[in-house]
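Here's the structure, in structure tokens; my notes come after.
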Amino acid sequence: MKSLRSILLPMGASVLAIIIGGILVAALGYNPVTVYGSLISGAFGSGINIGNTITASLPLIIVGLGIAISFQSGLFNIGADGQYWIGATAAVWFGYHFNSLPGWLHMILCIVAGMIAGALWAGIIPGLTKAYVGSHEVITTMMMSYIGILLARYLIEGGPMQQKGFNPQSPEIAQNTQFPYFTQGLMQSQLSLVAVAIAIIAVIVVWFLLYKTTLGYQLRTVGLNQRAARYAGINVKLFTVVALCLSGMFAGLAGAVQMLGVDHRLLDGFSSNYGYTAIVVSLLARNNPIGVIIAGLFFGALTTGGQNMQMVSNVPAALTDVLTGLIIFFVACERIIPQVIGWYRRRRTLKSTSAA
Amino acid sequence: GTGAASNQSTTTGSNGTNGTTTSNSSGTTTAGKTIKIGLVTDTGGLNDNGFNHLAYVGMTNAQHQLNGVSTSVVQSQSESDYVPNLSHFAQNGYNLVIAVGYLMEDAVKQVAKEYPKTDFLIIDDNITGIPNVASAIFQSEQAGYLAGVVAGLVQKNHELKGLNTKNVVGVIGGQDIPPVDTYIAGFQQGFKKEDPNGKVLLQYTNSFSDEALGSQYAQNEISQGADIIFPVAGGCGIGAINAANSAKVYAIGVDTNQAYLAPKSVITSATKGVDTAVFDTIKAVQSGTFKGGVSTFNLANNGVGIAPLMKGLPQSVQTTVNQVKQQIISGQIKVSTTVQK
Amino acid sequence: MIFSDPEIWAATLSMAVPLALPAIGGTFSERTGVVNIAMEGIMLIGAFFAVAFSYWTGSAWLGLLAALICGGLTAAALAWGAIRVSADQTVLGMGINIFAAGLTTFLLNTLFGFNGTPISTPKLPNISIPGLDNIPYIGVIFQNQSILVYIMIVLVIVSHWFLFHTRLGLRMRSVGEHPLAADTLGINVWRIRYFGVILSGLFSALGGAYLSIGVLNGFTANMTNGRGYIALAAMIFGKWTPLGSFGAALIFGFSTALGIVLQGQGISSNLLQMIPYALTILALAGLVGRAVAPAADGIPYDPRRS
Amino acid sequence: MEIVDLKKWFPGVKANDGVNLTLRGGEVHAILGENGAGKSTLMKMIYGLLEPTSGEIRFMGKAVHFRSPREAIHAGIGMVHQHFMLIPALTVAENVVLGDEPGRIKFDRKEAQKRVRELSEKYRLAIDPSAKVADLSVGLQQRVEILKAFYRKAKLIILDEPTALLTPQETRELFSIIRGLKAEGVPVLFISHKLDEVLEISDRVTVMRAGKTVETVETKGATPQTLANLMVGREVVLRVEKSDAHPGEPILQVHDLHVRDFGRMERVKGVNLELRRGEILGLAGIDGNGQFELADAIAGLLKPEQGQIIFDGDDITRWSPAERTERGIAYVPQDRQLDGLVLSFNLVENTILRDFRKRPFAKNGVIDRTAATNYTERLIREFDVRPPDASRKASELSGGNQQKVILAREVSRDPLMLIAAQPTRGLDVGAIEGIHRQLVRLRDEGKGVLLVSLELEEILSLSDRIAVIHDGRIVDIVPGAQATREQIGLLMTGSRGHSEVSMS
Ligand SMILES: Nc1ncnc2c1ncn2[C@@H]1O[C@H](COP(=O)(O)OP(=O)(O)OP(=O)(O)O)[C@@H](O)[C@H]1O
Ligand SMILES: Nc1ncnc2c1ncn2[C@@H]1O[C@H](COP(=O)(O)OP(=O)(O)OP(=O)(O)O)[C@@H](O)[C@H]1O
Ligand SMILES: [Mg+2]
Ligand SMILES: [Mg+2]
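Residue numbers (the working numbering), protein chains in the order written: chain A, 1 to 356; chain B, 1001 to 1341; chain C, 2001 to 2306; chain D, 3001 to 3504.
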């Protein structure tokens, strides 16, 4: 019953958002049926589109897991974007060095490098200053995020990671570190089984960690009540650092997975905004790792569907954002539905009693 | 308006979607076969006040002027969208897919090999060896050079009122990347040639969109004595021109004729014919003459150039510009692409 | 030394305005207990409609009024979701940010084309205050600043007085600290929260309008460029007080100005632009220390509706 | 006021399920009931904080539907809340006048402080109006909470356990205030678990059980025993029965301990103390004299400035709280909601709060949920936690039942020593009986028990020895059997001498 509600309500809210969005789209002179048709077919209409949707959702899911850890530990990691890019940078650096290593070992090395880099980026400065000086993590993670992105940019814009004689971009990572594609047929969707497997494992690990281990128990206790945590004998400072490290670790992992699976090199674009979208992903999932999969896929579908909308029905990209914003807003407001139903019922009973 | 294009030294895709670009004679519309064109922007999007927008202008012009051209555009949200977006068009039978920007090099290579029947055009890159990929590279250092010559002449001879005596010009780059730096390198050399004692300030904003930041950079350079600002920074540069206008100093536009932004300030603009390249390639596809390989756009083929000078400048400036232009075309002047920092 | 150059302080002041205004706005919202992460979006809305209405009406002041109305309405939507529906405030804010970015870009492109708003758009005047102008060093800093700079300074002081020395200010703080306690004393928690959030919308919109018709006279897509998020940081840095927010905004403004001034010596601009962020962390860790949010910040209040 | 068949159902709990009550003008009407009987829920409905599911409240002859406290206040109802409704970040004066502040636009801080000072003088509840509430001890906070209710002249006053944290003297002051109200014709609804207080102050008593009003009786003629039996529905033993103690080796020795609280104030100023196995040592004192900081320091939650703590032969002064827990120290902290529980955890997660690292709850860092749930369900049965549902969140329990969960957890850990700070605060007599029995049982098993309590009765009836703390120092230690109320009460004020010292 409870779980049914938790699925039905967001869906109802999405439908509401879609209706309002449809009215808006129609008012702006587009045919809502075509717009939504292309959105849905773009997200799920073919094997490749589904592959695209999954590929687009993977970084959101993995970063979202990290955000969920931080929220459950009572911390707001708003700088996952920078941790993501630092993780990507580390993975790429290892990816085009050490080419003599066996492929699988090299691959693991890259992934681990990305994870460690992300963990340190969130854990060292934001984590330690939060634990020992009390600096607010929203500021420090945000500042470190900007620094991380600028650092990555510097490295490939004339810095040591720029591929010699080329546009600002890093060298490509070694062939044997690149994730194999799912099937050749889905190659354009860049969907790789390895990346999917890593995401699924990550979800299971985080779920297990948060709800089944003493580590997760301690993180959640610190997140909910620091004084009780002290009373329980938990080292609050340590777990503050651990929480931010873990949170950054998953952002870094996402960066590594994206580099190994999709991009294969650091490009001078830096506009993914995964760190911000993943906050929404995690919160809509109530910071629950399993829910993060659903929310991540939802946003992946919105991204790919939105791209398709532009191509098929010539809807400007900006309108996609308008719709996405509306959907997020209304899904957040899902509680309005039972409230409206309750209000309606009460009014009816009131009427019937006053009529009687 | 139409028609005047042949008199201009280069084409100007001006304000919005109703600007016209011509390399064919005006008025005539070619009745070609029906073709579908897809445009994939990089993450800068159509509001970049730069090459994404220019490519879009070129494509729209083709749609209006050539019969049977239907178009579609998609703005990539992240680097990971490039392959899916290019593939989408190829897969759906588009005849030509235009990829804007060198960032899409890997993606174009991958997708073009998978869809050999589709033609691809990539802007600002030089992919060779794939028959269905055409690359357009622009020697914008040549355009920058001419702009630098104008700035040098104006500065040295005090050709405009309100100039100070400090002999300083300011350059604002969006980012330290080749499409930006080629302009800047050319500008520095052209300026030094005419005004060897002058000083060129150079700063990078690391943004192509933050107008207010561009304005702040410009104000900083102006406070250091610069009275001609040359921003190569997309929307950020528009803020710089805005600031120059407010401070009653001068500016030089980029990519397209930006005189409309501040007619009293913009002396000229260094232009880059991305729209022309796109238009011509679409035409080639329609007439079946598309060829893979790298096309270089430069002063010689009017692929890059300089917009008409501001009214009130003496004819001598125009004369010098024309001379220098001929010297570059003939190879007498060689313009380097390396920025002096 | 560069510090003795008044130009850097002038730049500091002018870069601080679009951070300080939304940060003070955020302070009002969060002091009443509603997390406002939508400053970025509301700034964009303010910036766009300021330009659009300045252009259509020919008066920058009417443009400013329109910006305030639109920003206030957007904030009202946030308030409705946060207060009436008890939705997650961070998600609502993120939704508004994405919505606002999309809406303003869409309207810009459909109404004005891709090249931005027309140059003939009027902007708010820059003014120099006669007496102030003649003071040697200070005069240069205040020379020819936008009128909104002066308005901001007045607003900073009034806001601080309002929050800490008026009855309504006391009620706002009590609602953000312990809404149940305020409720049991007969204070209408929801109405106060609506007030705080809408006030924050007005301040954010003013910050946006400063960018589009104060510094410039035009709108480009995403022209706030993350300032709403930095303002969030400034608000926390300033410990949720108007004066503190202003101080933090000045620090950000100064270090950005420093990043500009230091350029041109061959150091990578990417590295130089880290300065504001690194300075912030240093200042935070070294000087400011622990910042405690209002106790009920972000927690929906609905005791009678479970 | 008249209440007719009032019901309030929460999901899964019928907190009020048919409440009927008549309140006459100028009477003090006590409500009695076990923890979780629904007393506070009823009061919250009267005060407009909760909406009734069904039923009717009539006030001054009219049916009222308060949708918020605002409307209740306008109608003339004042309330002291069981859980403080104070804003720690604001001053006393600000807390009291909030909602009805002096001044037009500007808040007149001086006038507010003046009014509060006058109020506190009038009701003899001394307090510094300019102090920040966060800096006050809970006893002082209780005074603020009471002052708030009297600041607006009310036509009906609700007092939900106002005396839980007051000293006997303060309680007496409060009672004289209540009598004054009565004389003015203001009816008072009074909730307390202390039967003697109820007998002293009330005119009539209504007893609630499981959400229903069972009976309303005249106070005259009632005895503690009859009330207790009515409440619990069975015979209750009010007096603790315990055999003589057989103290053994010292288990805890405290030498010259100095402790500062979080506000860096020195609260414990050189305490020497010894606790033996098999005894209950009562620590008596007026609130704010360092007793709770001492308890926190022994449990490891506050770091001592100076001094030594020896536990069972080990110097544990520098040990972490976890190490002390591991070594056998159990602790019932004073503030159950802030320290003792994670309110949004369910009961299972709260039960393992102190031992989650250990078998059987965890193996190799993995939590064994089945074992934890089984254990929790056992404790719920043994300690009669209501409702008996391990998956419920701690926040959904009544205050008394929250306390039972903490006690159950600490006592069942099989510790060597238990520090119990205010273990029966807010508990009904039945529950108190159970908890006192647990403490005595621990003692008889040879454990050391340090009982920190503000309730003199509790200290006197349980302790084998009584240490009295004043201003951070132990004034005296006396044997429990011979101690009298007067003697300890005197020592608590800091006077070491005997009857010649006059109390002021
Ligand atoms: N918000 C709530 N949600 C669910 N159940 C609740 C809520 N508030 C109270 N209850 C339940 O209602 C019942 C009555 O609680 P109430 O606080 O009225 O008890 P009480 O008689 O005041 O007890 P105590 O003497 O311990 O204060 C309890 O079982 C409690 O768990
Ligand atoms: N004299 C006072 N009596 C009671 N409370 C006060 C007093 N002075 C300040 N406070 C309270 O202390 C808290 C912090 O106040 P703060 O120091 O920021 O204000 P202020 O000193 O009054 O303001 P300003 O700095 O503008 O003079 C506020 O809650 C305020 O209400
Ligand atoms: Mg002060
Ligand atoms: Mg109660």
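Glycine residues also receive a C-beta, built at the ideal position from the N, C-alpha and C atoms.
- Taking the CB atoms as reference points, tell me whether D/Arg3124 and D/Glu3173 lie closer together than 8 Å. yes
- Message: Here's a check: name, in chain order, each residue in its chain whose Cβ is nearer than 6 Å to the Cβ of D/Met3043, leaving out the five neighbours to either side.
- Response: Ile3158, Asp3160.
- With hydrogens ignored, establish whether the beta-carbon of D/Asp3017 is closer than 7 Å to any heavy atom of ligand 1. no
- Message: Closer than 7 Å to a non-hydrogen atom of ligand 1 - does that hold for the CB of D/Phe3010?
- Response: yes
- Assign C/Thr2184 to buried or exposed, taking buried as 16 or more other Cβ atoms, counted over all protein chains shown, within 10 Å of its Cβ. Looking at its Cβ environment, which holds 16 or more other Cβ atoms inside 10 Å, C/Thr2184 is buried.
- Item | A/Gln258 and A/Phe239 closer than 8 Å at C-beta | no
- Query: Going along chain B, which residues have a C-beta under 8 Å from C/Asn2225?
  - Reply: Ser1207, Ser1209, Asp1210, Ala1212, Leu1213
- Task: Note the first and the last residue of the continuous alpha helix (DSSP H) segment covering B/Lys1272.
- Result: Premise fails: B/Lys1272 lies in the beta strand (DSSP E), 1266-1272, not in any alpha helix (DSSP H).
- Query: Taking D/His3074 as the reference, which of D/Ile3003, D/Ile3087, D/Phe3059, D/Gly3282 has the closest Cα?
  - Reply: D/Phe3059
- Query: How about B/Val1150 and B/Ile1241: do their beta carbons lie closer than 8 Å?
  - Reply: no
- Looking at the structure shown, is B/Pro1263 part of a helix, part of a strand, or coil, going by DSSP? coil
- For B/Thr1002, does the three-state DSSP call read helix, strand or coil? Low confidence applies here, because B/Thr1002 scores a pLDDT of 33, under 50, leaving its location unreliable; read the following figure in that light. Coil, per DSSP.
- Task: Answer yes or no: do D/Ala3390 and D/Val3348 have a C-beta to C-beta separation smaller than 8 Å?
- Result: Less than 8 Å divides the Cβ of D/Ala3390 from the Cβ of D/Val3348.
- Using the beta-carbon of each residue, which ones in chain B are nearer than 8 Å to C/Gly2218? In chain order: Glu1211, Ile1238, Asn1242.
- Query: Under the three-state reduction of DSSP, which class applies to B/Ser1025: helix, strand or coil?
  - Reply: Bear in mind that the predicted position of B/Ser1025 carries a pLDDT of just 38, short of 50, making it unreliable; the figure below should be weighed with that in mind. Per DSSP, reduced to three states, the secondary structure at B/Ser1025 is coil, with no helix or strand assignment.
- Query: Who are the neighbours of A/Leu224 on chain D, taking C-beta pairs under 8 Å?
  - Reply: Those are Val3342, Leu3343, Ser3344, Phe3345, listed as they occur along chain D.
- For C/Asp2133, return the contacting residues in chain A, with the cut-off set at a CB-CB distance below 9 Å. Ordered by position in chain A, no residue passes the 9 Å Cβ test against C/Asp2133, which lies about 36 Å from the chain.
- Query: C/Thr2105 versus chain A: which residues are under 7 Å apart at the beta carbon?
  - Reply: Ala318
- Nearest to B/Gly1237 by CA position, among B/Asn1047, B/Asp1042, B/Phe1138, is which residue? B/Asn1047
- Between B/Asp1119 and chain A, is there a C-beta pair that is closer than 8 Å? No, no contact with chain A.
- Query: Alpha carbon to alpha carbon, what distance is there between C/Ile2037 and B/Asp1176?
  - Reply: 32 Å
- Message: Which residue marks the beginning of the alpha helix (DSSP H) containing D/Glu3200, and which one marks its end?
- Response: 3195-3201
- Task: Show which residues of chain D have a CB atom less than 7 Å away from the CB atom of C/Ser2174.
- Result: Ile3087, Leu3090, Leu3098
- Less than 8 Å separating the beta-carbons of C/Gly2253 and C/Ala2016? yes
- Query: Tell me which same chain residues have a C-beta within less than 8 Å of the C-beta of B/Met1104, skipping the five on either side of it?
  - Reply: Taking B/Met1104 as the centre and dropping the five residues before and after it, the same chain places the C-beta of Val1040, Asp1042, Tyr1082, Leu1086, Ile1122, Asp1125 closer than 8 Å to its C-beta, in chain order.
- Among residues of its own chain, excluding the 5 on either side of D/Ser3068, which ones have a beta-carbon nearer than 6 Å to its beta-carbon? Gly3048
- Candidates A/Leu75, A/Thr277, A/Thr303: which alpha carbon is nearest A/Val292's? A/Thr277
- Message: Does chain C have any CB closer than 8 Å to the CB of A/Pro171?
- Response: no
- Query: Thinking C-beta only, is B/Ile1127 closer than 8 Å to B/Ser1140?
  - Reply: no
- Message: Strictly under 8 Å for the Cβ-Cβ distance: is C/Phe2099 near chain A by that measure?
- Response: yes
- Query: Do you know offhand how far A/Lys212's Cα is from D/Asp3368's?
  - Reply: Distance between the alpha carbons of A/Lys212 and D/Asp3368: 8 Å.
- Message: Cutting at 6 Å between CB atoms, please list the residues of its own chain near D/Phe3107, excluding the five before and the five after it.
- Response: By the criterion of a C-beta distance shorter than 6 Å, D/Phe3107 is surrounded in its chain by Glu3101, once the five residues flanking it on both sides are discounted.
- Item | Delimiting residues of the beta strand (DSSP E) encompassing D/Asp3017 | Here the beta strand (DSSP E) through D/Asp3017 covers 3013-3022.
- Item | Beta carbon proximity, A/Asp321 to chain C, threshold 8 Å | Yes, because at least one Cβ of chain C sits closer than 8 Å to the Cβ of A/Asp321.
- Task: Assign B/Gly1221 to one of three DSSP states: helix, strand, or coil.
- Result: According to the sequence displayed, residue 1221 of chain B carries Glu and not Gly. Shown here, B/Glu1221 sits in a helix according to DSSP, grouped into three states.
- Task: State the start and end residues of the unbroken beta strand (DSSP E) segment that holds D/Ser3453.
- Result: 3448-3453
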